[in-house]
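Novice: To convert, note that position 15 of the sequence shown is 29 in the working numbering; the numbers rise steadily by one, no gaps.
Note that the Cβ used here is the ideal one computed from N, Cα and C, for glycine as well.
Once you've had a glance at the structure underneath, I'll fire off some questions.
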Amino acid sequence: MITYQQPDTKTAVEARADAQRIAFGPMVFQATMAMRRLGILDELYTHRDGRTAVEIAQSHSLPEYGVKVLLEAGLSSGIVALSGDRFTLTKTGYFLLKDEMTTANLNFVADVCYEGMRFLTDAIREGKPAGLPVFGPWSTIYEGLSQLPEAVQASWFAFDHFYSDKAFPAVLRLVFEQPIAQLLDVGGNTGKWALQCVAHDPRVHVTILDLPGQLEKAKRNIQAAGMSDRIACHPIDLLSDAAAWPKGADAIWMSQFLDCFSVPQIVSLLKRAHAAMGAGTSLYILETYWDRQQHEAAAFSLHNTSLYFACMANGNSKMYHSDEMKECVAAAGLNVVREVDGIGVGHTLWECKR
């Protein structure tokens, strides 16, 4: 597991170099996206023996000057290497071009986060998503998710689904170890989990709880799959304490859901889950906790995703340490009876009981 208790052993030269990488980080990011979008990284991937700046410029009808400044920036970033006058793609460049997770992260930052993140200081001071007005006048991104520009929606869902999709096959087996007739899918979004549940077990019926705008997308997906008789949609403001949840479910499911809320909101949501649970009901929580990650890069990604929550999503949630979430579970009168780490891309599954 990740720990941050090690002493600082970097030399002054190393620390100063790291500081410069942070100082120019936004420019490195934009240069990387430009090389992806202009086909420069693809060109180097195709020509493993290398290409000159002139050849790349001619190949893509680009000014030689522009190609050179991008490639030279890529040298310092470790994206490309240079031998003589020929540039080649490094391993880092390969992952920036071909890795599915990196692509999801790049597009999410570029399309969803980048423009609004300049308001992060305001977001921290005010405790609200100060960057969100670049897209619309909503108090949280979830209210306006169905109204975001198409490209922004695509990158948001690709980011969200990449991580959940990798975990779903494993957790389906865990959740359905015991028979489930009724399952409550809280924050079911596009209906992806609900559809996988009914495909996995022909006996289960699912009810999705979510905002009305989000449920419209879920309904379309459910109808297209011919599953309207087994998946119901229950419009609800999940943050309203007055909005009771349906009772009688054998299992309640929350996937990458609680990280969208502040600690007091999480406790409130879990208390309403508690009220909807029977003596035998299991509450399943699937989350990525930054302290449960096996690799530093994973924790790095989660810490920076918290900045998205602070500035763009709602101004009060984050990716949590597992101890923080356990305190919320206990405050709601629930116990974690089973924990499974290392699912999908760093997910942890908790089964909770009253």
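Does the structure place the stretch 84-92 close enough to the stretch 101-119 that three or more beta carbon pairs sit under 8 Å?
Specialist: Touching, per the Cβ criterion.
Novice: Just to confirm the assignment: which complete alpha helix (DSSP H) runs, minimum length 4, are found wholly within the stretch 16-80?
Specialist: If we require 4 residues or more, the alpha helix (DSSP H) runs fully inside the stretch 16-80 come out as 26-37, 39-51, 54-60 and 67-73.
Novice: Would you report the Cα separation of Lys24 and Thr116, rounded to the nearest angstrom?
Specialist: Distance between the alpha carbons of Lys24 and Thr116: 27 Å.
Novice: Count the other CB atoms, across all protein chains shown, that sit within 10 Å of the CB of Met49; report buried if there are 16 or more and exposed otherwise.
Specialist: Met49 comes out buried.
Novice: Candidates Gly360, Gln279 and Ala346: which alpha carbon is nearest Ala311's?
Specialist: Closest option to Ala311, Cα to Cα, is Gly360.
Novice: Here's a check: name, in chain order, each residue in its chain whose Cβ is nearer than 6 Å to the Cβ of Ala313, leaving out the five neighbours to either side.
Specialist: The residues are Ile16, Trp304 and Gln307.
Novice: Does DSSP put Tyr303 in a helix, in a strand, or in coil?
Specialist: In this structure, Tyr303 counts as coil in the three-state DSSP scheme.
Novice: Name the two residues that bound the continuous beta strand (DSSP E) containing Leu223.
Specialist: Residues His219 to Asp224.
Novice: Would Ser269 and Trp207 be called neighbours here (beta carbons separated by less than 9 Å)?
Specialist: Yes, these two residues count as a Cβ contact at 9 Å.
Novice: Consider the C-beta atom of Ala238 and the heavy atoms of the ligand SAH; say whether any pair is separated by less than 8 Å.
Specialist: Summarising the ligand content, the structure contains no ligands, and the ligand SAH is consequently not present.
Novice: Is His288 helix, strand or coil by DSSP?
Specialist: Here His288 sits in helix by DSSP.
Novice: Below 8 Å, how does it come out for the stretch 66-84 and the stretch 123-139: are there three or more Cβ pairs, yes or no?
Specialist: Output reads no: the stretch 123-139 does not touch the stretch 66-84.
Novice: What does the Cβ neighbour count give for Met326, buried or exposed, with the cut at 16 atoms within 10 Å?
Specialist: Buried, because 16 or more other Cβ atoms sit within 10 Å of the Cβ of Met326.
Novice: Going by other Cβ atoms of all chains shown within 10 Å of its Cβ, with 16 needed for buried, is Arg234 buried or exposed?
Specialist: The residue is exposed, with fewer than 16 neighbouring Cβ atoms inside 10 Å.
Novice: Can you tell me which of the three DSSP states Glu365 falls into?
Specialist: DSSP places Glu365 in strand when its eight states are reduced to three.
Novice: Quick check on Thr362: buried or exposed, where buried means 16 or more other Cβ atoms within 10 Å of its Cβ?
Specialist: Buried.
Novice: Based on the DSSP output, what are the partners of Leu198 in its beta bridges?
Specialist: Leu198 is bridged to Thr221 and Ile266.
Novice: State yes or no: is the C-beta of Val200 within less than 9 Å of the C-beta of Ile266?
Specialist: It is a contact, given that the beta carbons lie within the stated cut-off.
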